[in-house]
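**Student:** Following my numbering, the numbering of the sequence shown begins with 148 at its first residue and continues without gaps. After the structure tokens below, expect a handful of questions from me.
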Amino acid sequence: GEYERVGGGETRYADVRIVAAANIDLPRLAEEGKFRADLLD
């Protein structure tokens with residue numbers, strides 16, 4: 148993606164992936180509307 152620093156005018160590019168873990172049932176919470184389903188992909 149691309150981003151600009153706060154106060155900067157230069158566009159920067161980054162290719163990143165974030166890995167996270169949780170000890171709760173996220174698909175169930177998404178069904179209940181308590182967690183964003185699009186974050187499960």
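All residues carry an ideal CB built from backbone N, CA and C; glycine is no exception.
#1: Whole angstroms is fine: what's the gap from N170's alpha carbon to L176's?
#2: Report the residue from V166, A184, A168 and I165 whose alpha carbon sits nearest the alpha carbon of D174.
#3: Per DSSP, E149 forms a beta bridge with which residues?
#4: Can G148 and A168 be called in contact, C-beta distance under 8 Å?
#5: Can you round the beta-carbon distance between Y150 and R164 to whole angstroms, since I take them to be within the 8 Å contact cut?
**Tutor:** The answer reads as follows:
#1: 12 Å
#2: Here residue 174 is Pro; the residue named in the question, Asp, does not match the sequence. Nearest C-alpha to P174: A184.
#3: Y160
#4: no
#5: No, Y150 and R164 are not in contact; Cβ-Cβ is about 16 Å, not under 8 Å.
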